[in-house]
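Number of protein chains: 2
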Amino acid sequence: MYIKNYRELPVESTGVEGLTARWAINASQGATNFSMRLLELEPLKATPFHQHNSEHEIFVLVGKGEVEAGDKVYPIREGSVIYIAPNEAHKFNNTGASILRMVDAVMFPAKVAK
Amino acid sequence: MYIKNYRELPVESTGVEGLTARWAINASQGATNFSMRLLELEPLKATPFHQHNSEHEIFVLVGKGEVEAGDKVYPIREGSVIYIAPNEAHKFNNTGASILRMVDAVMFPAKVAK
Chain H
834 MYIKNYRELP VESTGVEGLT ARWAINASQG ATNFSMRLLE LEPLKATPFH
884 QHNSEHEIFV LVGKGEVEAG DKVYPIREGS VIYIAPNEAH KFNNTGASIL
934 RMVDAVMFPA KVAK
Chain S
834 MYIKNYRELP VESTGVEGLT ARWAINASQG ATNFSMRLLE LEPLKATPFH
884 QHNSEHEIFV LVGKGEVEAG DKVYPIREGS VIYIAPNEAH KFNNTGASIL
934 RMVDAVMFPA KVAK
């Protein structure tokens, strides 16, 4: 058992300008299959298009934005649940005036079938 | 890519009085490793002590309550992240006057080592 308020977790750089992560549950907390982290994207910032082997399972806590995949754009806001399949190219845009905060669950890299 | 607001998802019985689930991401949405669901526990309701092979990775969206594990009781509230290890006996209590709503990510049963 491990319990923490996400506000107590350190804010870490992700290498993408305007996007930070707070790792909530990871191997350090005993997890063996997948992680849970908070992603925070600053107002009017966007990630580049990217892809990875692990699927995303995301819940939007606060903010307004979009997810782009292929040539489609999907609006997201508080309460949106988002599934992004393994190796599906995607990007996140914060289109609002406040932070876009999301809970993101991702498989450990070693558990993802290549 | 699959996007939905959780409010659009059907509320399903879990077999525990006062506890319902909205399945947000599951095999039906293309997921192959783990699920994401919303758990909603009514005011002053509690789950029984129980355990299962899959770990829980939980984010508390709203409400006030407790998680019990062994002889320990941990308070939870909006913003709490909770990791419950595989086969760790636990129960949830809603100690507040409003709904306790949580995002819960769990491995598919077939993926859990027995």
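So the sequences go chain by chain: H and S. For what it's worth, this note's numbering labels the leading residue of the first sequence as 834, then goes sequentially. For what it's worth, this note's numbering labels the leading residue of the second sequence as 834, then goes sequentially. C-beta atoms are modelled at their ideal positions from N, C-alpha and C, and glycine is treated no differently.
Item, Value
"Roughly how many angstroms lie between the CA atoms of E890/S and K905/H, to the nearest whole one?", "30 Å"
"For T853/H, which beta-bridge partners are listed by DSSP?", "S846/H and E873/H"
"Compare the C-beta of K837/S with all C-beta atoms of chain H and state if any pair is closer than 8 Å.", "yes"
"Using the C-alpha atoms, what's the distance from K878/H back to R840/S?", "27 Å"
"Where does the unbroken beta strand (DSSP E) through D904/H begin, and where does it stop?", "Here D904/H belongs to no beta strand (DSSP E), and DSSP marks it neither H nor E."
"Look at the Cβ atom of S868/S, then the Cβ atom of P919/S, and state whether they are nearer than 8 Å.", "no"
"Kindly list, in the order they appear in chain S, the residues whose Cβ is closer than 7 Å to that of N926/H.", "Neighbours of N926/H on chain S: none; closest Cβ ~14 Å, over 7 Å."
"Anyone know if the C-beta pair for R934/H and V895/H falls short of 8 Å?", "yes"
"Which whole-angstrom value is the C-beta distance of V936/S and F892/S, which I expect to be below 8 Å?", "4 Å"
"Just to confirm, are I836/S and S913/H a CB contact at a threshold of 8 Å?", "yes"
"Taking all protein chains shown into account, decide if H883/H is buried (16 or more other Cβ within 10 angstroms of its Cβ) or exposed.", "exposed"
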